[in-house]
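Here the structure is laid out as structure tokens; the discussion comes afterwards.
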Amino acid sequence: MASRGTVYSKRIALLASRIFGDTSSAYPPPKVVRVMSELPEAIKIRDWYPPLEEYSEILATLRQVGLFRDEHADFRDEMDRLRALRGKKKWVKGKRIDYFP
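This is how it looks when you write it as structure tokens:
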């Protein structure tokens, strides 16, 4: 079909190559040439996520010493203390409670 070289056959061949993914261009786009010719950039972002475990340990240590105040942890401790005063036990998952001993 493309052997005769008519305009129609060239357009059909181009359309067929676009449909079936066989497109070829004589030259690559200039942006692609520019980007590929440059050296790769250095890694700008390293260790994206902060070390949360270390932060938690440091804050817990500071809280025990008294240099940091965590109001939510203080509230939880107070609720546990009041629960113990009422005679309630801390819930343990999987442990059976005998209501009628």
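Mapped onto my numbering, the consecutive letters of the sequence shown carry residue numbers 66 to 166. All C-beta atoms in this analysis are idealised placements derived from N, C-alpha and C, irrespective of residue type, glycine included.
For I84, the uninterrupted alpha helix (DSSP H) segment begins and ends at 72-85. If you draw a straight line from the Cα of G131 to the Cα of D139, it comes to about 12 Å. Assigned with DSSP and collapsed to three states, Y92 falls in coil, not helix or strand. Judged by beta-carbon spacing, L124 lies within the 9 Å limit of D135, meaning their Cβ atoms are closer than that value. Annotated as proximal: K155 and D145, with beta-carbon spacing under 9 Å.
C-alpha of M101 to C-alpha of Y120: approximately 41 Å in a straight line.
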